[in-house]
Structures are given as structure tokens and as C-alpha cells.
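Protein chains in written order, with the working numbering: chain A, 36 to 725; chain B, 977 to 1323. A virtual CB, placed ideally from N, CA and C, is assigned to each residue, including glycine. As the structure is a prediction and not an experimental result, all values here were calculated from the model.
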Amino acid sequence: MKFTFSWLREFVDVKKSPQETAYALTMAGLEVESLASLGGQEDWVMEVAVTPNRGDCLGILGLAREVAALTGGRLKLPPVLPHVKGSGMERLVDVQIRSPSLCPRYSARMVLGVRVADSPDWMRVRLEVCGIRAINNVVDVTNYVMLETGQPLHAFDADRLATKRIVVREAGGIAKLVTLDGTERELASGDLLICDGDVPIALAGVMGGKDSEVQWDTHTVLLEGAHFDPACVRRTAKRLAIHSEASHRFERGVDPEGTLYALDRAVFLLAEAAGGVPVKGMVDRYPRRVKATPIVLREKRVSGLLGIELSRREAERLLKSLGMQVQSRSKIGARVVPPSYRRDLTREADLIEELARLHGYEKIPSTLPWVRPVGAGYDFRLQRERKVRAFLLGEGLTEMINLPFTSVELNRRFYGLWGDRGAAVSILNPLAQDKTELRLSLIPGLLENLRANLAQKARSFYAFDLGKVFCLNAQRSAEEKQYLAALLCGARGHRGLRLKEELAPNLRDAKGLVEGILEVLGIEAQPTWSGVGVGSFLHPGKAAVFGFGEREMGCLGEVHPDLCEELGLAPFLVVELDFEGLVQYAPRRLAARPLPRFPSVERDLAVVVDGTFPAQRIVSWIKELNHSLIEDVQVFDEYRGSPIPEGKKSLAYTISYRAEDRTLTDAEVNQLHHELAARIGDVFRAKLRG
Amino acid sequence: MVRESLETLKDEFLSRIAEGASEEEVERLRIEYLGRKGKLTFLFRGFKELPPEERPELGEALNRLRQFVEDRLEFRLGELKQREKERILKAERVDITLPGSRWERGRIHPLTLVMDEIIDVFLTMGFEIARGPDIEDDYHNFEALNMPPDHPARDMQDTFFVSQDRLLRTHTSPVQIRVMEQRRPPLQIIAPGAVFRHDDDATHSPMFHQVEGFMVDSHIAFSDLKGVLTHFLRQVLRPETGVRFRPSFFPFTEPSAEIDIQCLLCEGGGSTSEGQPCRVCKGTGWLEILGAGMIDPEVFRFVGYNPDQVSGFAFGMGVERIAMLKYGIEDIRLFFQNDLRFLRQFS
Ligand SMILES: [Zn+2]
């Protein structure tokens, strides 16, 4: 809401400077967004951001009331031309309200002999400074009075109304109306219309019709000052995407008692600016009187909610300064009736806010509440997130945060860990045509980050994203999960002298990341790894999925060579895992074990096996023996090439032996190891080496 | 005569050993004096020719001399070895101005850094964390927050819809409703997370992050809201940050407040040292940073609380906004472009 300081002063004796007034308004919840001097005119233009609850402040009169309450200045009203009693108006026009709940009041006056022309300069300048285009003196007067009072007015060319029977009704079967901007509007049955007989002439509270618009040859003006239901106006305006000055005000609540003053003021200005002669009498249909109900305001509630003690006298003074009537007092509190223009005040809490606002928020002390020990503070999930982030940071990965919007194509290729269990969630109103779905996977985002960073000459790119992915499940309801994805491209960044040899990461580096994350989460269970069922964007031979039992937890691998080619990049690795799922496997407690009392003995074992033999099989087999003296087994080498025959490979393991109750002797260990090696040779048809 | 020659021999040895500058020379001296044909060995041989009464005294002198020579030789050898070691160590000295060697560390995203700071201040005040879904229903995102379908306040939040009734949450406030539906007071909760608005320019991103917080109990007043948020802002920004509360409007709080902090750039003065209006606060000296208020009784009714028995405050803040003010970032899109050159600045 923009207005000039001089205009405000026509409504209230402002005792303060424009700057002081602006500050007072801001600190009372009417934030002055700008205050600019109007060059050479000793005047200022002020813009107030009016919150949606304060429809009354969408007119200078409302702001003047606030200024009066805040600074003690006296309110005054600019001159009007009231109607002269008589039946002229009633004979010329008939008004009928068919939807009184949507139109509680319809008032009108008529002016004859109007000479439509440009408005006087002073009016045009004011309107334009306040952001409203001047059109002609009649339209300008309606806008001028709307800015003054907050009451939208509409002027019809009465000579263009065939029947002069004004009917306020819902559209029902009426299909179309050309509004004064020249657009043909499709009507919905619930739209409220102003009709001339059966012919629609305006969308009530939104915009007038083209056919009855005031033109240069207009002589007789019918002025409408009505009150319409906020929700009804909003529905129509929103559906037709019309945001007019009138609809903006009606949506936010206009003073139902303000129609007559606004009309009388407009008639005064029309007489002055357009030489109009008012018709005797007026029309005022008011089938539903909007009555304010008294609100009980309890003193205890005021002090309890605000944390201050306001004296009864002070509270009463503040309420009265806002035009409220304090009807009666009892031990509990007071019965307060708000004025008709404050339609936002309906409850005790609303009154308490008014008291706080006028008393001044800055005068309320700052206290710290006593907080109950509800056992809060440690958040398991947050701590796991932080640990994993810290681990990845140490491994050289930088965190990315990406928007969740993606394209249909990318979702088809990168479907995360949802398998074919679900479809992507679509956005009904996307911002762009390549952002119509919510991501199934975090990988496309990281790919985009990779591309953008390589374009900026990054030498390598190690990144992760801990974010949400979305999916429609079989029941068509949306599921969301927190995933973790990582991407490793190029040799790991190193600071210092250039390394002799830069090693690009391989599959085992990616697997190492996953193992590290499991370790950080304290998950001791070993996941099962499989090369079957990996995504088509991964290299068919250098990728894996892993999980616990039937539950798939993640995948990793080198991206498919076709994808690298498409992106014009050297091979790189990705990892994606169901972080939320993994955290469920993380133990809530850790228990320490005592140190072993006797030393362990280690022995190595090398076997020659088929080139496709999975190294883990021997580890698992040994572990499943559950031998009390075998403590651990690890693979430490895989070798192919001479002297190992073509198509075969050598695998080397180290086995730790330990007894809990004694030191094992060499002879004992040698015998154990020899027997174990022989059994492995038999079971796996492996040739023992060395 | 023999005694004299012993003295001469000792003096001569001392001057020779002082000249011996290498281990080899010391070794040669050892042979020259103590070897089979050495000078001392020679004296020992001549010893037998001495009269018996002179032998004990001279024998002792001779033995002392031999011990002396041996000790000196050993000492000199040690000295030379030490000197050699020092020489070698000195020769090994490296160029300490060469750079250190280390693997590149990753970085935590600046939004996570700021989010963590915010969360930690509230955790230390006894708040706990709650989470809610990003895909919300109209009821939790709007209606239960006192924004019925035709409420103009909905204009303030342009919404992404995924179906007729489901949408991407426009704020983290629905978590308030979800928690209160499940639990009874006392509650002291923060809800961090991503939120979405149908908007895209230098100051608006279609996704951004908020931290919602609320406290509900039998005794919570507006003055507590002021205290908690003032404490929070001074922890996260600067201890001396000026904070002001002014009335505002949110459908789900009453009274509502907008909280401003003194501009971090011009420190509240509103203008630069050259007298130009400050570009961060546009000359006002203040920056909006938080929205807050006492939870509206209507909201309590939606979740089945009796508004006469409980009271509480709620607040919400934009994480990007705080990060932008804290680090002097002017374009919100930098957070989501994920350019390593930007991210590496936050160590
Ligand atoms: Zn500033």
C-alpha cells in the first residue's frame, strides 16, 4: 500500500516526522518498506507491506487510525456530499440481492450530467505516485476513494444498462462475460455476478464488464459501493488469475459499514472533478448486517501469554485507542467489542496481540523458560549422519546438496534401489519441462555436479550427497527415503609435490568406502555382495549390489563404458546406498571387549583356483567352521600371470590362530594349518602353492 | 733415563693424537704405539733388562702410560665418529620451504555447517529433533496451521503439487502438527529440513532449508520466545548482535513477530563509510531473520489440545538466509551449483 504523507495528513493530525511515523508503523506491525522524498514537493511517499489480516489498512483511513492510536494524533475525515432525501434514485434503479451470504450489502448512488475528461492534475499525480494509472475523471475518482477508504467502488455507465434492474446473483447458467480489460471470461456457477436484468455487467468485487464501462461519452454514472464475501471473491479471482485492486481488498476484508461514506466522498469528488449532479436519494440493501460479537478478555490470560502485567486501565486505554468498546467488566475480565473495520479481531488471542502490539514488543522482557528434562539432546540419526559425513570428508569427498527435481529420462536410467517396485513422483506444476519428476536416485545430481566441475577445470571430483529420494509405491502413495550417494572420478587430489604415480580409483576403493561407512555405523554384520542385478548404467563386470539377507542396501561400481563415452569422460565410480535403512542396522550401544591374554600366530596360505573363483568363498567356509582356535582370516593378494596357468589365479590368505587359555606352540599351529590347507585343497579343488 | 723417555713418549703421543684427523690415522697411531712393534711394546721389552729393584715402580708407570694411551685413542675415536655423524646429518638437511604432503580433504557443505550450528544451539537448550516428510498433505501444510483453502495467506507460499491433495511442503511447520498429534506437552522441539516454493531467482530457490522450532508447556509466554530467540541469534551470529522484535502476521501464531537483527555489514548504521546506503540492509540497518509467535489457539484445537491449559511459541528460520548473511553470499543459487571452488572455501 503506497500513499503520500500529505494525503495521510488529510485524515489525521500527524504530530511526528515522516521518519518517526514510519518507525512507529513498522514497530506496530505495519512494516514501512520504503520512504522516499517526493522531489521538491515537501512530501514523502511511503509504502507499507500490509499483512493479509489487515484489510483495513489497505486504505489511508485505516492507516490514519493506526497513526492516531500510536501517536495520539486526532482523526479527521475529508468532505463528502451526502445524498439529499428523496426517491429519485429508487425510481431510476432497482437493486435485488439474490445471494445475501455472498453479498451482505449493496449500496449505490447516481450522478447525472457528468463530463468525462482527464482528472485534475492534483488527483492524477497522487494516483500515479501511489501506483495507479489515471484513466478518466470518473474511474479516477473511484480509485482515489478506494485508496482513501479501502472500499472498492465501481462506476457503471447507467445509460448502457438496458433494464436498470441490478441483480446480485451467482452465475448459475450464465457462461461468459467480457471484462473491461477486453478478455472473455468463462464463468463458473459459483462466481458472484452483478447483472443488469439477465445480462452480466460485472464480476462482483473482481472486475467490471466491458459493455457497461464508463467511456468518454458517458453522462450518467451509477456508483456501486458493496460488500462481498472474501472467500467467494478469492475463488473467482484465483480461478481467473485476476488480481485487481478490488479483489485484493475484498479478499482481505473490507469494512461493511464503510460503503456509504465512500459513496458520499466519491459523489463529492465527482461533482468537483467532473461537474456531476447527484440524483436525490440512494440505494442501500443490507440484508445481512455484519455484527461484531463481544470478546471476553481475561486479565490472567494476558499476563500468562505475554509475560507482562498490564494494568487494567492501561489495557482499556490501548483497546479504546483502536476504536474498541469495552462493554463491561467482571472479575475474570472485560467484554470487548471491536469496530466494524477490524474484521480480523474475533478471539481473545487477537485482542492480546493488539495489546502487545500497542504496548510495544520491545517493552516485553526477554526471559528463558524453565525447560523440563524430557531426555532430549542426543539424536541418534543426526549423530550417525555427522559421523559418516566426517568419515567421507577424511576420504576426500566433498558434500553436495542438489535439488530433488529431475527429468523422466534420468529417472528411467537411474532408478536408485527401488528396483521395479515403484514409479517416480510427478510434479503437477513443474518449473521447467526437464524438471517434472522427483528423483529416484541421487546419482543424476552427482553426474551433473561432475560435469559442471570438470567444465571448470577440476582435475578430479570426489563427492557425496546425503539426501532424500522419492518413489510411488505399489499402493500409489509416495515414499521418501534418505540415501547416500558418492562419486569418485580421477586420481584423488593430493597437496604437495606432484606424485610420481597418480592412481585412478578402482572398484575396491568404492567398496572400501562402503566398508568404511559400515564400520563408522558400527555394523558388524557382513553384507552379501553380488554381481547379479546391477543397474544398466553400471559396468556389467565391475559393479555389485549388496544387502543384508533379502534386503538390498546399496550398489556400487564403475559406470557403464557407454555412459562414459556419452559424457566424454574416463571411467569413474559411483556408490549409492539406502542410508536410512543402514542406520536401522547400527547398534545403539557399543560394548568393549577385554584384550586377549595370549598371543596369536599367523600363517599364510596360497591357492591356485579358477580365474572366476570368488575369493570370499574360502573366507566364508573357514568362518563357518567355527573353529575355536581360528580367530580370523583375510585375503591379502590376488595374482594372475606367470607361473600361474592361463585362466587361473592365485589367491593368498592369512589365517590367525589363537587360544584363549594358552600360548599355542609352533608344532600345534603347523599341524592345524597343514590340515586346514589340505581340506581347502580338497573342498575347492584348489592347488596349494609354496 | 727410562722414566725420562716415558715422559717424552707421552708428550709426543699427545701431540700426534691431537693431529690425527681421521679414524684411519687414529688406527695407525694405535699400531705405532701399541702394536707388536710399537713404541710402548718396545719399552715393555726393554723392561726385562732393568735391575729388579727398579722394576715395580717402573712397571707401574709403564702400565699407567699404556692405559692412558688406550683411553686417549678410544676417546679420540669416539670424538671423530661423533663428528662424522654430525657431518652426515648436516648433509642430509632438507628444504623446509617445500610444501607439505597430504591427501585433499573433502568439505562439508556450508548449509550443513550452518544447519549444524543452529541445531547445536537448540540441543544445548534442551530441545530435541523431530522430522517430517517432504511430501505433505494439504491438511498438515495449510489447514491445520489455520490456513483454510480460501485464505489469502496461501498466496505467500507458492506450492508445488504432486497430486490434488499432496504437495511439497512449503515450510517445516507441518512437523509441529505431526508432533502435537502424536504427543502431549511438554514439548521442546526443532524440525530441520528442506522446503519447496514455486520460485526461482537470485534470492529464491525452489528448494531451501528451514529450521522450525516450538515449545509447548503450561507456562510459556511471549517473553520466553524473546529470550530463547535472542540467545539463539547471539550464539549463531555475534554475541553483541542487536535484535529487535516487531509485530507481524502468520496464520498459525498470535501474537506473531518478525525478528530483525542489526545488519552485519553496516552494523546497524544503514550506510557505508562513503555515505552510500548499505546494499545488504538497503539502508534500514536491520535484516529480517526469523518469523515467530505464540502458537494460535486454533492450531491447538486442530491437534486436540486445550488452549486454556497450554501455551507455546513457534519460530521458523531460513538456513540459506542465515548462511548468506553469515558468509556474505549474495546469490542463493551458489549453494546448489556445488562448484568445488565455492565449496572449498568452507573448511
Ligand atoms: Zn546494512
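Compare the beta carbon distance of residue i and residue j with 9 Å and say whether it is the shorter of the two.
{"i": "residue 178 of chain A", "j": "residue 155 of chain A", "result": "no"}
{"i": "residue 1163 of chain B", "j": "residue 1192 of chain B", "result": "yes"}
{"i": "residue 460 of chain A", "j": "residue 390 of chain A", "result": "no"}
{"i": "residue 640 of chain A", "j": "residue 689 of chain A", "result": "yes"}
{"i": "residue 435 of chain A", "j": "residue 1282 of chain B", "result": "no"}
{"i": "residue 685 of chain A", "j": "residue 673 of chain A", "result": "yes"}
{"i": "residue 621 of chain A", "j": "residue 558 of chain A", "result": "yes"}
{"i": "residue 1146 of chain B", "j": "residue 1173 of chain B", "result": "yes"}
{"i": "residue 249 of chain A", "j": "residue 174 of chain A", "result": "yes"}
{"i": "residue 203 of chain A", "j": "residue 134 of chain A", "result": "yes"}
{"i": "residue 1223 of chain B", "j": "residue 388 of chain A", "result": "yes"}
{"i": "residue 613 of chain A", "j": "residue 503 of chain A", "result": "no"}
{"i": "residue 222 of chain A", "j": "residue 206 of chain A", "result": "yes"}
{"i": "residue 384 of chain A", "j": "residue 340 of chain A", "result": "yes"}
{"i": "residue 102 of chain A", "j": "residue 151 of chain A", "result": "no"}
{"i": "residue 239 of chain A", "j": "residue 266 of chain A", "result": "no"}
{"i": "residue 1240 of chain B", "j": "residue 1217 of chain B", "result": "yes"}
{"i": "residue 1209 of chain B", "j": "residue 1166 of chain B", "result": "no"}
Under 8 Å: does the beta carbon of residue i sit that close to some heavy atom of ligand 1?
{"i": "residue 1301 of chain B", "result": "no"}
Show which residues of chain A have a CB atom less than 7 Å away from the CB atom of residue i.
{"i": "residue 1197 of chain B", "result": "339, 340, 341 and 342"}
{"i": "residue 1287 of chain B", "result": "339 and 340"}
{"i": "residue 1270 of chain B", "result": "340"}
Interface residues of chain B around residue i at Cβ under 8 Å?
{"i": "residue 503 of chain A", "result": "1110 and 1170"}
{"i": "residue 81 of chain A", "result": "Within 8 Å Cβ-Cβ: nothing; residue 81 of chain A doesn't reach chain B, min ~14 Å."}
{"i": "residue 86 of chain A", "result": "1224 and 1225"}
{"i": "residue 436 of chain A", "result": "1085, 1087, 1088, 1311, 1312 and 1314"}
Residue i versus chain B: which residues are under 7 Å apart at the beta carbon?
{"i": "residue 497 of chain A", "result": "1082"}
{"i": "residue 433 of chain A", "result": "1082, 1083, 1316 and 1319"}
{"i": "residue 290 of chain A", "result": "By Cβ distance, chain B contributes nothing, its closest Cβ being about 17 Å from residue 290 of chain A, past 7 Å."}
Which residues in chain B sit within 9 Å of residue i, going by Cβ to Cβ distance?
{"i": "residue 439 of chain A", "result": "1110, 1144, 1170, 1172 and 1183"}
{"i": "residue 461 of chain A", "result": "1138 and 1139"}
{"i": "residue 657 of chain A", "result": "Ordered by position in chain B, no residue passes the 9 Å Cβ test against residue 657 of chain A, which lies about 34 Å from the chain."}
{"i": "residue 397 of chain A", "result": "1220, 1221 and 1222"}
{"i": "residue 429 of chain A", "result": "1079, 1081 and 1082"}
What does residue i reach in chain A if we use C-beta pairs closer than 8 Å?
{"i": "residue 1200 of chain B", "result": "342, 402, 403 and 404"}
{"i": "residue 1177 of chain B", "result": "In chain order: nothing, as chain A lies at least about 11 Å away."}
Applying a beta-carbon distance threshold of less than 9 Å, which residues of chain A neighbour residue i?
{"i": "residue 1076 of chain B", "result": "530 and 531"}
{"i": "residue 1191 of chain B", "result": "404 and 406"}
Taking 8 Å as the cut-off, is the CB of residue i close to at least one heavy atom of ligand 3?
{"i": "residue 151 of chain A", "result": "Of the ligands this structure carries, namely ligand 1, none is ligand 3."}
Return no unless some Cβ of chain E is closer than 9 Å to the Cβ of residue i.
{"i": "residue 513 of chain A", "result": "Of the protein chains in this structure, namely A and B, none is chain E."}
### Query
When a residue counts only if its C-beta is closer than 5 Å to some heavy atom of ligand 1, which residues count, in chain order?
B/1239, B/1241, B/1242, B/1254, B/1256 and B/1257
### Task
Scan the segment 247-268 of chain A for residues whose Cβ lies nearer than 7 Å to a Cβ of chain B and list them as they occur along the chain.
266
### Message
Against chain A, which members of the segment 1092-1114 of chain B pass a CB distance test of less than 9 Å?
### Response
1092, 1095, 1099, 1100, 1101, 1102, 1103, 1104, 1105, 1107, 1109, 1110 and 1111
### Message
Beta carbons nearer than 7 Å to chain A: which residues of the segment 1233-1249 of chain B have them?
### Response
1233
### Query
Between the segment 357-373 of chain A and chain B, which residues of the former have CB atoms less than 8 Å from a CB of the latter, in chain order?
none
### Near-chain B residues of the segment 57-78 of chain A - C-beta to any C-beta below 8 Å
61, 62, 63, 64 and 66
#### Entry: Within 9 Å of chain B by C-beta, residues of the segment 462-477 of chain A in sequence order
462, 463, 464, 465, 466, 467, 470 and 473
#### Entry: Near-chain B residues of the segment 516-528 of chain A (beta-carbon distance less than 7 Å), N- to C-terminal order
527 and 528
### Interfacial residues, the segment 476-491 of chain A to chain B, with Cβ spacing under 8 Å
484, 487, 488 and 491
### Task
Using a Cβ-Cβ cut-off of less than 7 Å, list which residues of the segment 611-622 of chain A approach chain B; keep chain order.
none
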